[in-house]
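In terms of the numbering used here, the sequence shown opens at residue 50 and continues consecutively.
Cβ coordinates follow ideal geometry from the N, Cα and C atoms, glycine included.
In what follows, a structure is listed as structure tokens, so that the remarks can point back to it.
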Amino acid sequence: MTFEIAIGPNLRKSAYFDATVRDGVRSFSVYNHMYIPGHFGDPEGEYDLLLNGVTMWDVAAQRQVELLGEDAGRLAQLLTPRNLASTRIGCGRYVPLCDHDGWLINDPVLLKLADDRYWLSVADSDIHLWALAIARERGLNVAVREPDVSPLAVQGPKAVEVIAPMFGDWVRELKYFGFRETMLGDIPLVLARSGWSKQGGYELYLTDRSRGTELWTRVKEAGQPFGIGPGAPNDIERLESGLVSYGADMRVQDYPATPYEMGFGPLIDLAAGHDFIGRAALEAQVRGGQTRRRVGLMVEGEAALPGHPVDLRRGDEVVGHASEIAYSRRMGGVIGVGLVRGDIGDDAQGLEICLPEGPRPVRLAALPFIK
């Protein structure tokens with residue numbers, strides 16, 4: 050069955066929209082009120098490029114929330130339970146964000162550009178409204194806005210061979226989540242060693258959207274000797290690698306989760322004493338013990354992909370849910386991720402997920418499936 054997505058003024062086009070259309074995009078989704086490519090006509094080939102070569106993605110829908118001003122650091126710390134005291138300029142941090150009840154509302158990468166300037170590279174939700182409300186309620190001297198920033202990702206084991214000749218060998222020395230403000234000719238951007246895959250790569254945070262097609266073309270030309278091709282964030286690779294997806298694995302309005310349930314406990318240091326939204330709720334969670342945990346799922350047989358969370362059952366009892374499943378060629382079967390009740394052991398028997406065509410037996414597996 051084929052569906053279409055309408056291109057209209059109510060949703061924003063990215064800085065690379067025209068370039069992706071020129072290069073044959075065949076599917077769009079919507080993320081942060083913006084069109085984001087789904088694939089370019091050959092999902093299998095794009096998966097292979099990510100694993101074995103190099104691919105480029107329009108991820109401009111990965112919007113930035115800028116905190117700018119004297120109290121930018123205070124606001125950044127209020128928004129996340131992760132202790133940011135040791136964060137240096139040029140250093141990125143993966144930071145869970147919680148509401149007052151301790152539920153995850155986003156899991157961005159934070160980039161510290163200056164003592165008074167931070168970006169939150171956010172997943173699919175209106176975090177700029179949340180951050181602005183917190184700043185105003187606390188009377189902080191900080192501006193909260195969405196800046197002119199459009200990330201372009203270059204991912205795969207050959208990504209460094211594309212990026213190093215364009216910018217210099219210093220890019221090889223960047224630590225993961227490290228970044229630098231730089232130029233490509235006269236195109237301004239921030240270059241970060243990051244990306245939504247475990248195959249290695251970089252993100253080019255373009256800071257002048259009028260140069261989007263030009264930047265896309267220059268990366269494409271630089272990547273030609275290495276067989277670069279366009280693609281998009283890959284759900285199968287993210288499942289294999291155990292990457293978390295806000296909006297897919299948890300969404301506070303529909304299937305909320307806590308940072309401890311999602312495995313973010315090592316990022317949270319309650320003993321450090323810093324103030325943040327949701328602190329009392331997280332302290333109560335620690336006292337009460339973890340009631341659910343994130344797990345991998347191996348699904349028996351072939352299975353239709355429902356495209357939404359489904360119940361995980363043991364007999365007539367719901368003991369959790371699968372948030373996403375997909376066929377993994379590398380694993381030789383259908384895999385998934387989800388949350389399961391804390392008393393359900395790794396060797397639990399009789400587990401099933403409820404799919405449209407009927408129940409399918411599953412067994413629990415450690416994450417990531419592939420290291």
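In angstroms, rounded to a whole number, what distance separates the CA positions of residue i and residue j?
i      : j      : result
Glu349 : Asp257 : 48 angstroms
Leu240 : Gly276 : 22 angstroms
Asp72  : Ala321 : 50 angstroms
Arg499 : Met105 : Missing from the structure shown is residue 499; the chain here goes from 50 to 420 and no further.
Gln113 : Leu99  : 25 angstroms
Ser290 : Ile154 : 22 angstroms
Pro196 : Thr129 : 21 angstroms
Arg336 : Gln204 : 41 angstroms
Val411 : Asp392 : 17 angstroms
Gly338 : Tyr309 : 10 angstroms
Tyr376 : Asp97  : 14 angstroms
Leu288 : Lys224 : 24 angstroms
Using a threshold of 8 angstroms, state whether the C-beta atoms of residue i and residue j are closer than that.
i      : j      : result
Arg341 : Val386 : no
Val368 : Val389 : yes
Val293 : Asp148 : no
Gln126 : Phe313 : no
Ala134 : Arg166 : no
Gly345 : Leu413 : yes
Met83  : Ala110 : yes
Ile183 : Leu124 : yes
Pro358 : Ser372 : yes
Gly107 : Leu253 : Gly is not the amino acid found at residue 107; the sequence shown has Asp there. Contact flag unset, no.
Ala213 : Arg221 : yes
Ser243 : Val158 : yes
Leu162 : Gly141 : no
Gly87  : Phe77  : yes
Let me know if residue i comes out buried or exposed under the rule of 16 or more other beta-carbons within 10 Å of its beta-carbon.
i      : result
Gly399 : exposed
Pro408 : exposed
Glu270 : exposed
Thr69  : buried
Met232 : exposed
Thr51  : exposed
Among residues of its own chain, excluding the 5 on either side of residue i, which ones have a beta-carbon nearer than 8 angstroms to its beta-carbon?
i      : result
Ala192 : Glu115, Leu116, Leu117, Gly118
Gln273 : none
Val268 : Met105, Leu201, Val203, Val211, Met215, Leu253, Ile277
Ala333 : Gly151
Would the C-beta of residue i count as close to the ligand HEM, meaning under 7 angstroms from any of its heavy atoms?
i      : result
Tyr167 : With respect to small molecules bound, the structure shown includes none, and the ligand HEM cannot be examined in it.
Using C-beta distances below 6 angstroms, list every residue in its chain close to residue i, excluding the 5 sequence neighbours before and after it, in chain order.
i      : result
Asn81  : Ala110, Arg112, Asp173
Ala330 : Asp150, Gly151
Thr262 : Asp67, Ala68
Excluding sequence positions up to five away, which residues of its chain have a Cβ less than 7 angstroms from the Cβ of residue i?
i      : result
Asn190 : Gly118, Glu119, Asp120
Pro282 : Trp106, Val108, Trp245
Would you mind listing the beta strand (DSSP E) stretches within the segment 192 to 238 that are 3+ residues and don't spill past its ends, in chain order? 192 to 194, 199 to 204, 228 to 233
Whole beta strand (DSSP E) runs in the segment 242 to 323 with 3 or more residues, listed along the chain? 250 to 255, 278 to 280
At which residue ranges does the segment 365 to 420 contain complete beta strand (DSSP E) runs of 3 or more residues, listed in the order of the chain? 366 to 377, 382 to 390, 400 to 404, 407 to 414
Sequence ranges, beta strand (DSSP E) only - wholly within the segment 98 to 160, length at least 3: 104 to 107, 113 to 117, 141 to 143, 153 to 155
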